[in-house]
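Okay, so here's the structure we're looking at.
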């Protein structure tokens with residue numbers, strides 16, 4: 200992976216140094232209180248849904264992957280319930296079968312973390328690790344969790360491509376790495392070179408709303424993965 204921008208000043212507030220986070224992915228504590236609004240919402244959900252995960256959702260997939268997929272945030276009855284990104288909600292019903300189609304996952308997606316599905320050469324995380332009220336995050340929450348996203352990226356030695364699902368994820372990736380959003384305009388299936396060895400690819404989020412309104416079709420989503428896998432494929 201190419202050289203990334205220097206760590207932001209607020210990286211020093213995290214438990215691990217930049218060098219140590221390159222050996223493992225720093226995950227927020229289960230009682231993370233960096234975002235008071237999200238912490239309070241988790242507490243309310245623990246009362247209403249005591250059998251749910253109700254904590255920051257960890258990334259899924261091998262750290263030695265070449266691809267990192269970044270979503271927005273866990274869904275209330277999806278990843279916030281199951282503790283696996285995009286698992287148990289509509290977005291996962293589109294994402295995981297598409298990953299299987301492009302040989303980026305093996306097994307059958309069963310909408311639960313015990314379905315035996317494994318990822319191949321890709322890892323999945325979110326710009327914000329905790330479920331937000333009404334599925335809406337604030338810029339402050341994206342910035343807070345960007346520290347963990349930067350550590351995630353630094354911990355992936357073979358990383359060549361980041362797929363951002365939605366404009367918030369796109370902006371979160373750029374902010375976490377210290378790039379100006381104005382220099383990299385979000386557009387579906389747009390590719391942005393960040394370093395000689397790393398590019399950012401955009402897609403509309405695979406949400407129920409986007410698919411129901413036709414903003415994102417299954418073909419449009421597959422086209423993004425064609426772009427992604429063509430770039431990652433080894434040279435003949």
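Numbering (the working numbering), first residue to last: 200 to 435. Glycine included, C-beta positions come from ideal geometry on N, C-alpha and C.
Just reading off the beta strand (DSSP E) that residue 270 is part of, what are its end residues?
-> Taking the first residue of the chain shown as position 1, residue 270 is located at position 71. Segment 266 to 270, the beta strand (DSSP E) holding residue 270.
The beta strand (DSSP E) spanning residue 402 covers which residue range?
-> Here residue 402 is taken as the residue at index 203 of the chain shown, counted from 1. Element bounds for residue 402: 397 to 402.
Terminal residues of the alpha helix (DSSP H) in which residue 321 lies | Residue 321 sits at position 122 when you count from the first residue of the chain shown. Counting along the chain, residue 321 falls outside any alpha helix (DSSP H), though it belongs to the beta strand (DSSP E) covering 321 to 325.
Residue from 224, 364, 236, 226 with nearest C-alpha to residue 333 | Residue mapping note: residue 333 aligns to position 134 of the chain shown, counting from 1. When only C-alpha atoms are compared, the closest one is 236.
Express the C-alpha separation of residue 359 and residue 398 in angstroms, rounding to a whole number.
-> Taking the first residue of the chain shown as 1, we reach residue 398 at position 199. Taking the first residue of the chain shown as 1, we reach residue 359 at position 160. Their Cα atoms are separated by approximately 6 angstroms.
Which of the three DSSP states, helix, strand or coil, is assigned to residue 350?
-> Mapped onto the chain shown, residue 350 falls at position 151. Note: residue 350 maps to helix in three-state DSSP.
So residue 241 is in the alpha helix (DSSP H); what residue range does that whole segment cover?
-> What you label residue 241 is simply residue 42 of the chain shown in a count that begins at 1. Here the alpha helix (DSSP H) through residue 241 covers 235 to 247.
Buried or exposed: where does residue 274 fall if 16 or more other Cβ atoms within 10 Å of its Cβ makes it buried?
-> As a working note, residue 274 is residue 75 in the chain shown. Buried: at least 16 other Cβ atoms inside 10 Å.
Count the CB pairs spanning the region 297 to 306 and the region 271 to 287 that are closer than 8 angstroms, and state whether there are at least three.
-> no
What is the C-beta distance between residue 364 and residue 268, in whole angstroms, given that I count them as a contact (C-beta under 8 angstroms)?
-> The count along the chain shown starts at 1 and reaches residue 364 at position 165. The count along the chain shown starts at 1 and reaches residue 268 at position 69. So it is a contact: roughly 7 angstroms between Cβ atoms.
For residue 283, which of helix, strand or coil comes out of DSSP?
-> In the chain shown, counting from the first residue as 1, residue 283 sits at position 84. Reduced to three states, the DSSP call for residue 283 is coil.
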